[in-house]
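Participant: Shown below is the structure under consideration.
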Amino acid sequence: MNESPPARSPECLDSASLALIRQELSAPIATVIGYVDLLKDEAPSEIEHLKPDIAKLRRAAQSLQQLVKQLPDATGPQSETGECGEFSLSKLRHDLRTPLNAIKGYAELLLEEAEPGTIDRDLKELLAETKRLLTQIERLGTPAHHQHSSPANSDAESLLPGAAALNLVRQQAPNDVGRIVSGCRILVVDDQESNRDLLVRRLTRDAHIVTTAANGEEALRLVEEQTFDLILLDLIMPGISGYEVLVRLKSDPRHRDIPVVMISALDQIDSVAGCIEAGAEDYMPKPFNPVLLKARINACIEKKRLREREKVFVEQLRLEKEKSEALLLNILPTAIVSRLNLGETVIADHIPDATILFADLVGFTGLSAQLSATRLVKLLNMLFSEFDRLSIDFGLEKIKTIGDAYMVAGGLTSEGSDHAEAVARMALSMVEVSRSTSDLLGLPLQLRIGIHTGPVVAGIIGTHRFIYDVWGDTVNTASRMETYGIANEINVTQALYERLQDRFVFEPRGTIEVAGKGTLQAFFLRGPRQ
């Protein structure tokens with residue numbers, strides 16, 4: 055039984071296809087060479103400065119001609135599996151477009167620089183032939199490739215579907231399509247010197263700062279050493295390919311935000327999609343259209359600048375949020391701020407066990423009459439700032455100050471800590487602070503403190519300059535202990551005494567008559583037991 059030959063891939067080019075390609079491309083390439091020779095031989099003396107570019111254009115055209123002449127009569131050796139040998143359709147397209155890109159690019163540059171009436175007519179004809187040649191290369195291997203009835207002088211765009219739609223888009227295009235974003239640092243990576251030269255010339259005209267790399271290794275080194283706003287990266291290069299360079303850049307947090315535009319003569323949609331998925335900002339086929347190249351570069355740089363601006367805004371928002379939270383933490387306990395951030399709108403808690411402290415400066419009214427406003431405020435700020443520090447050190451919550459009165463609570467938000475002991479230690483420290491401040495300023499400062507422990511209600515009230523406050527009988531009793539206290543003494547209730555008597559030294563004060571409360575047992579807190 056005879057085995058059928060292995061199926062040939064659509065990418066493979068047989069000898070008949072290669073012969074047809076040679077036949078179809080030889081004539082237009084010869085025409086291109088003819089126009090280039092005209093430019094070289096008939097260029098007037100006033101464009102002497104353009105002759106180096108004309109020489110480069112001719113070398114590119116000769117390279118294209120030589121490439122077509124070297125096509126073999128067959129595709130090279132065929133494997134038994136039907137795989138391509140030396141030539142494939144995609145590789146042929148890529149190889150043909152490389153010199154064609156140089157021809158088109160140098161011709162466009164020369165046309166921009168040439169004075170009217172010199173070589174501009176020949177350059178326009180050359181560009182028209184180049185365009186037609188590009189159309190033929192793009193049609194290789196397609197059904198249209200086998201149709202020879204297309205007009206010889208048809209414009210490439212007329213062969214594309216949707217030409218009418220394209221014209222409509224052009225009519226509706228904004229007037230600032232050609233607007234230039236200038237002054238950007240751009241890295242051009244291409245193994246073809248002519249391509250690098252064309253891009254450098256084009257980009258420097260737009261006032262960009264251009265650096266070039268001939269391969270992937272050099273590009274990665276330059277990215278480490280310099281800062282770039284955009285990278286134009288050839289896809290097919292010897293050594294590290296453009297795709298590998300792209301992947302490495304996008305996997306590095308330091309460089310992943312640099313926009314990368316891939317440029318290649320390879321037209322396979324899989325390659326385009328793979329680059330975009332890997333993080334490329336855009337993709338440009340060779341030979342590139344200068345207007346489209348400029349527009350895409352502008353768009354990429356604008357997007358990069360917008361992203362950088364967004365990062366600045368996000369950082370500013372973060373800083374403002376931190377300031378806002380810091381301000382909020384000066385008003386509310388940390389735990390309450392966290393609850394508000396989680397969306398709670400009503401903060402009202404029953405605290406079964408809390409300790410409340412009130413402190414008041416004795417004789418402050420008379421003292422305030424003796425001091426200037428500035429000195430009085432400085433005194434209160436010095437004293438109360440020390441009290442604030444003590445409340446933080448002991449893990450307590452400052453509730454508020456009213457005039458010369460200071461209120462502290464323990465047990466409102468912390469769990470597992472002995473808030474009664476913490477409040478007692480803070481009270482002893484407050485007395486010491488008031489005495490040292492009195493000695494320092496030479497003022498008769500005396501502090502009166504009252505403490506009680508028991509259940510309270512805590513919550514936030516108000517919408518304008520709202521506060522976190524506590525209410526209940528425990529609060530009222532602590533306030534009465536301060537009111538009925540003695541200067542430089544810490545007056546506490548029996549409830550606090552019973553709770554701390556094994557850890558602190560107390561002196562019985564006896565019973566006192568308290569308005570609204572009747573007769574209460576009171577004690578003076580002297581200090582911790584040794």
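For reference, each letter of the sequence shown is one residue, going 55 to 584 in my numbering. Backbone N, C-alpha and C define an ideal beta-carbon position, used for all residues, glycine too.
In the DSSP output, what is Tyr337 paired with across the bridge?
Facilitator: In the sequence shown, the residue the question calls residue 337 occupies position 283. Looking at the DSSP assignment, Tyr337 forms a beta bridge with Met316.
Participant: Quick check: the region 276-286 against the region 186-193, are at least 3 beta-carbon pairs closer than 8 Å?
Facilitator: Judged by Cβ distances under 8 Å, the region 186-193 makes no contact with the region 276-286, as fewer than three pairs qualify.
Participant: Within the same chain, show all residues whose beta-carbon is closer than 6 Å to that of Glu451, passing over the 5 residues directly before and after it, in chain order.
Facilitator: Within the sequence shown, numbered from 1, the residue matching residue 451 stands at position 397. Correct list, in chain order: Pro387, Ala463, Leu466.
Participant: For Tyr522, list the residues DSSP reports as bridge partners.
Facilitator: The residue labelled residue 522 in the question sits at position 468 within the sequence shown. Per DSSP, Ile514.
Participant: Cβ of Leu287 within 8 Å of Cβ of Leu300?
Facilitator: Within the sequence shown, residue 287 is the residue found at index 233, counting from 1. Within the sequence shown, residue 300 is the residue found at index 246, counting from 1. Yes, the pair counts as a contact, with Cβ atoms nearer than the cut-off.
Participant: Using C-beta distances below 7 Å, list every residue in its chain close to Val568, excluding the 5 sequence neighbours before and after it, in chain order.
Facilitator: Working through the sequence shown from its first residue, we reach residue 568 at position 514. The answer, listed in chain order, is Arg534, Tyr538, Leu574.
Participant: If you reduce the DSSP assignment to three classes, tell me which class His148 lands in.
Facilitator: As a first step, residue 148 is located in the sequence shown; it is residue number 94 there, counting from the start. Reduced to three states, the DSSP call for His148 is helix.
Participant: Over the uninterrupted alpha helix (DSSP H) stretch that includes Gln116, give me the two end residues.
Facilitator: For the purposes of this step, residue 116 is identified with residue 62 of the sequence shown, where counting begins at 1. Its alpha helix (DSSP H) spans residues 105-123.
Participant: By the DSSP assignment, the beta strand (DSSP E) with Leu346 in it spans what residues?
Facilitator: By one-based count along the sequence shown, residue 346 stands at place 292. That residue, Leu346, is in no beta strand (DSSP E); its alpha helix (DSSP H) goes 344-383.
Participant: Nearest-angstrom Cα distance between Leu642 and Ser488?
Facilitator: Residue numbering for the chain in the displayed model covers 55 to 584; residue 642 lies beyond these limits and cannot be assessed.
Participant: If you drop the 5 nearest sequence neighbours on each side, which residues of the same chain put their C-beta closer than 8 Å to that of Pro82?
Facilitator: By one-based count along the sequence shown, residue 82 stands at place 28. These residues qualify, in order along the chain: Glu183, Arg186, Leu187, Gln190.
Participant: Identify, in the order they occur along the chain, each residue of the same chain with its Cβ nearer than 8 Å to the Cβ of Ile355, setting aside the five sequence neighbours on each side.
Facilitator: As a position in the sequence shown, residue 355 is number 301, starting the count at 1. Counting only Cβ-Cβ distances below 8 Å, and skipping sequence neighbours, we find Val235, Cys238, Asp283, Leu284, Pro313.
Participant: Can you say whether His103 is buried or exposed, counting buried as having 16 or more other CB atoms within 10 angstroms of its CB?
Facilitator: One-based indexing of the sequence shown puts residue 103 at position 49. His103 should be labelled exposed.
Participant: Mark Gly508 as exposed unless 16 or more other C-beta atoms lie within 10 angstroms of its C-beta, in which case mark it buried.
Facilitator: Translated into the one-based positions of the sequence shown, residue 508 becomes position 454. The residue is buried, with at least 16 neighbouring Cβ atoms inside 10 Å.
Participant: Counting C-beta neighbours from all protein chains within 10 Å, is the total for Gly496 16 or more, i.e. buried, or is it exposed?
Facilitator: Position 442 of the sequence shown, counted from the first residue, corresponds to residue 496. By the neighbour-count rule (16 or more Cβ atoms within 10 Å), Gly496 is not buried but exposed.
Participant: Tell whether a beta-carbon distance below 8 Å holds between Ile157 and Leu125.
Facilitator: Position 103 of the sequence shown, counted from the first residue, corresponds to residue 157. Position 71 of the sequence shown, counted from the first residue, corresponds to residue 125. Taking 8 Å as the Cβ cut-off, Ile157 and Leu125 do not qualify as a contacting pair.
Participant: How about Ala168 and Leu111: are their beta carbons less than 8 Å apart?
Facilitator: Taking the sequence shown and counting its residues from 1, the one referred to as residue 168 is at position 114. Taking the sequence shown and counting its residues from 1, the one referred to as residue 111 is at position 57. Taking 8 Å as the Cβ cut-off, Ala168 and Leu111 do not qualify as a contacting pair.
Participant: How long is the line joining the alpha carbons of Phe142 and Thr85, rounded to whole angstroms?
Facilitator: Along the sequence shown, one-based indexing puts residue 142 at 88. Along the sequence shown, one-based indexing puts residue 85 at 31. The identity of residue 142 in the sequence shown is Ser, whereas the question assumes Phe. Looking at the two C-alpha atoms, the distance is approximately 26 Å.
Participant: Can you name, in chain order, every residue of its own chain whose Cβ lies under 7 Å from the Cβ of Arg479, other than the five neighbours on each side?
Facilitator: Position 425 of the sequence shown, counted from the first residue, corresponds to residue 479. If we look at Arg479 and ignore the five residues flanking it on each side, its Cβ neighbours are Phe448.
Participant: In this structure, how does DSSP classify Ile410 when only helix, strand and coil are distinguished?
Facilitator: Here residue 410 refers to the residue found at position 356 of the sequence shown. In the structure shown, Ile410 sits in a strand (DSSP, three-state: E or B).
Participant: Taking the beta strand (DSSP E) that Gln575 falls in, what are its first and last residues?
Facilitator: Residue numbering aside, residue 575 sits at position 521 when the sequence shown is read from its first letter. Looking at the DSSP string, the run of the beta strand (DSSP E) that includes Gln575 is 572-582.
Participant: Would a C-beta distance cut-off of 8 Å place Ser318 and Lys340 closer than the cut-off?
Facilitator: Within the sequence shown, residue 318 is the residue found at index 264, counting from 1. Within the sequence shown, residue 340 is the residue found at index 286, counting from 1. For Ser318 and Lys340, yes; Cβs fall inside 8 Å.
Participant: With Asp458 and Leu434 assumed to form a contact (beta carbons below 8 Å), what rounded beta-carbon distance in angstroms separates them?
Facilitator: Locating residue 458 in the sequence shown gives position 404, where the first residue counts as 1. Locating residue 434 in the sequence shown gives position 380, where the first residue counts as 1. Confirmed, about 7 Å.
Participant: Measure from the alpha carbon of Asn542 to the alpha carbon of each residue in Asp523, Ser80, Arg502, Gly570, then state which is nearest.
Facilitator: Position 488 of the sequence shown, counted from the first residue, corresponds to residue 542. Of Asp523, Ser80, Arg502, Gly570, the residue nearest in Cα terms is Arg502.
Participant: Can you give me the C-alpha to C-alpha distance between Gly136 and Cys66, rounded to a whole angstrom?
Facilitator: As a first step, residue 136 is located in the sequence shown; it is residue number 82 there, counting from the start. As a first step, residue 66 is located in the sequence shown; it is residue number 12 there, counting from the start. Note that Gly136 scores a pLDDT of 44, beneath 50, so its modelled location is shaky; the value from the coordinates is reported in the next line. Rounded to whole angstroms, Gly136 to Cys66 spans 9 Å at the Cα level.
Participant: From Arg175, Glu166, Leu121, Asp176, pick the residue whose C-alpha is nearest to that of Asp149; which is it?
Facilitator: To locate residue 149, count along the sequence shown from 1; it is residue 95. When only C-alpha atoms are compared, the closest one is Leu121.
Participant: Under a three-way DSSP split, which group does Val266 fall into?
Facilitator: To locate residue 266, count along the sequence shown from 1; it is residue 212. Strictly speaking, residue 266 in this sequence is Thr, with Val absent from that position. Thr266 falls in the strand class under three-state DSSP.
Participant: Return the first residue and the last residue of the beta strand (DSSP E) that Met461 is part of.
Facilitator: As a first step, residue 461 must be located in the sequence shown, where it is residue number 407. Residues 459-464.
Participant: Among residues of its own chain, excluding the 5 on either side of Gly526, which ones have a beta-carbon nearer than 7 Å to its beta-carbon?
Facilitator: As a position in the sequence shown, residue 526 is number 472, starting the count at 1. Excluding sequence neighbours, Gly526 sits near Pro509, Val510, Val511.
Participant: Please state if the CB of Arg557 and the CB of Ala576 are separated by a distance shorter than 8 Å.
Facilitator: One-based indexing of the sequence shown puts residue 576 at position 522. One-based indexing of the sequence shown puts residue 557 at position 503. In this structure, Arg557 does not lie closer than 8 Å to Ala576 by Cβ.
Participant: On the DSSP letters alone, give me the boundaries of the alpha helix (DSSP H) that Asp174 sits inside.
Facilitator: Against the sequence shown, residue 174 aligns to sequence position 120. Start and end: 174-192.
Participant: Within a Cβ cutoff of 8 Å, which residues of the same chain sit near Asp209, ignoring the five residues on either side of it in sequence?
Facilitator: The residue labelled residue 209 in the question sits at position 155 within the sequence shown. Low local confidence applies: a pLDDT of 43 at Asp209 is under 50, so the model's placement there is unreliable, with the coordinate-based value given in what follows. Closer than 8 Å at Cβ, skipping near neighbours: Lys185.
Participant: Just grab the DSSP bridge partners of Pro498 for me.
Facilitator: The count along the sequence shown starts at 1 and reaches residue 498 at position 444. BP columns for Pro498 are empty, so no partner.
Participant: Kindly indicate the opening and closing residues of the beta strand (DSSP E) around Gln416.
Facilitator: In the sequence shown, residue 416 corresponds to position 362, counting from 1. Just to set this straight, residue 416 is Val in the shown sequence, not Gln. No beta strand (DSSP E) contains Val416, which DSSP labels as neither H nor E.
Participant: Could you check which residue in Leu274, Leu146, Leu554, Lys178 has the C-alpha nearest to that of Gly75?
Facilitator: Numbered from 1 along the sequence shown, position 21 holds the residue referred to as residue 75. First, the residue type needs correcting, since residue 75 is Ile and not Gly in the sequence shown. Checked all of Leu274, Leu146, Leu554, Lys178; the closest Cα to Ile75 is Leu146.
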